[in-house]
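Protein chains in written order, with our numbering: chain Z, 17 to 131; chain V, 9 to 125. In this text, a Cβ means the ideal position worked out from N, Cα and C, and glycines have one as well. Below is one structure, written out as structure tokens, with a few remarks after it.
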């Protein structure tokens with residue numbers, strides 16, 4: 017069975033602070049895929065990143081960076097110099113390869129960035 | 009151009025009614041999905057279709073019936089609505105079949121907030 021744990025229910029930071037959202041996953045598969053999605057207050061779900069299990073390279077995209085560590089089964093997401101527009105619920109998700117695999121979401125972390 | 013669109017955005021109805029939610033994607037994707045997001049923001053897959061064929065059918069009451077007239081459309085019909093059906097329903101699409109060795113990201117529609125009174 018697959019499981020994604022986002023232990024941080026809610027995080028509140030002041031603008032310009034750096035913040036890391038934790039994601040820990042469980043799977044018995046050797047090939048799997050990890051994702052991060054953002055859900056701003058407007059409600060839509062926005063795809064941020066996909067990472068394959070065989071690619072442990074970290075990734076940086078502007079103020080966003082992701083740290084994938086298979087040894088600890090973690091795929092953490094860091095926002096540098098946070099901004100008010102980063103306020104949203106962030107979901108980590110896991111999908112195995114194979115027939116009829118489904119996307120398993122974590123429970124989400126609500127990030128509140130204030131001035 | 010909207011990639012994945014859903015109608016309606018809001019749906020308020022009474023218990024016992026039958027309602028439909030429509031979804032269309034113009035991304036040329038092969039696979040479409042329906043998800044339910046409850047009041048605690050928990051997202052769970054309901055169905056998945058690949059080229060009009062049902063691929064994933066989670067433990068969902070049979071009052072929910074998806075229909076895919078073509079690979080760009082996936083509609084959700086709900087019979088005999090219950091209070092517990094109140095949620096936000098998201099449609100999504102992705103390239104490739106779910107059984108592919110590679111897993112593409114899913115793109116989500118704006119959601120339909122269903123309120124059953």
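Flag this pair as yes or no: are the beta carbons of residue 29 (chain Z) and residue 108 (chain Z) separated by less than 8 Å?
Taking 8 Å as the Cβ cut-off, residue 29 (chain Z) and residue 108 (chain Z) do not qualify as a contacting pair.
Residue environment, residue 90 (chain V), which counts as buried when at least 16 other CB atoms sit within 10 Å
exposed
Return the bridge partner residues of residue 31 (chain V) from the DSSP annotation.
V:14
Would you check if the distance between the CB atom of residue 97 (chain V) and the CB atom of residue 120 (chain V) is smaller than 8 Å?
With respect to residue 120 (chain V), residue 97 (chain V) sits close: the two C-beta atoms are nearer than 8 Å.
So, for residue 23 (chain Z): in the same chain, excluding its five sequence neighbours on each side, which residues have a beta-carbon less than 8 Å away from its beta-carbon?
38 and 40
Bridge partner(s) assigned by DSSP for residue 115 (chain V):
V:101
Provide the residue(s) that pair with residue 39 (chain Z) in DSSP beta bridges, ordered along the chain.
Note: residue 39 (chain Z) sits in no beta bridge, so no partner.
I'd like to check one pair, residue 41 (chain V) with residue 103 (chain V): are the Cβ atoms closer than 8 Å?
no
Inter-residue Cα distance where the pair is residue 24 (chain V) and residue 32 (chain V):
26 Å
Residue 99 (chain Z), enclosing beta strand (DSSP E) - first and last residue:
Here residue 99 (chain Z) belongs to no beta strand (DSSP E), and DSSP marks it neither H nor E.
Closer than 8 Å, Cβ to Cβ, to anything on chain Z: give me those residues from the segment 47 to 76 of chain V, in chain order.
Considering only beta carbons, the part of the segment 47 to 76 of chain V lying closer than 8 Å to chain Z consists of 48, 49, 50, 51, 52, 53, 56, 63, 64 and 66, in chain order.
Cβ atoms of residue 124 (chain Z) and residue 105 (chain Z): under 8 Å apart, would you say?
yes
What is the DSSP secondary structure of residue 26 (chain V), reduced to helix, strand or coil?
Residue 26 (chain V): coil per DSSP, three-state reduction.
Classification of residue 20 (chain V) by the beta-carbon crowding that lies within 10 angstroms, buried from 16 upward:
exposed
Per DSSP, which one or two residues make a beta bridge with residue 111 (chain Z)?
Z:49
So is residue 103 (chain V) in contact with chain Z if we call contact Cβ pairs under 8 Å?
no
Exposed unless 16 or more other CB atoms sit within 10 angstroms - verdict on residue 118 (chain Z):
Label assigned to residue 118 (chain Z): buried.
Going by DSSP in three states, residue 64 (chain Z) sits in which element: helix, strand or coil?
Three-state DSSP puts residue 64 (chain Z) in a strand.
So within the segment 41 to 110 of chain V, which uninterrupted beta strand (DSSP E) runs reach at least 3 residues, ignoring any that extend past its ends?
Counting only runs of 3 or more, we get 51 to 58, 61 to 65, 72 to 78, 81 to 86 and 95 to 102.
In chain order, what residues of the same chain have a beta carbon less than 8 Å from the beta carbon of residue 57 (chain Z), not counting five sequence neighbours either side?
103 and 104
For the beta strand (DSSP E) containing residue 72 (chain Z), list its first residue and its last residue.
Segment: none, residue 72 (chain Z) is in no beta strand (DSSP E) and carries neither H nor E.
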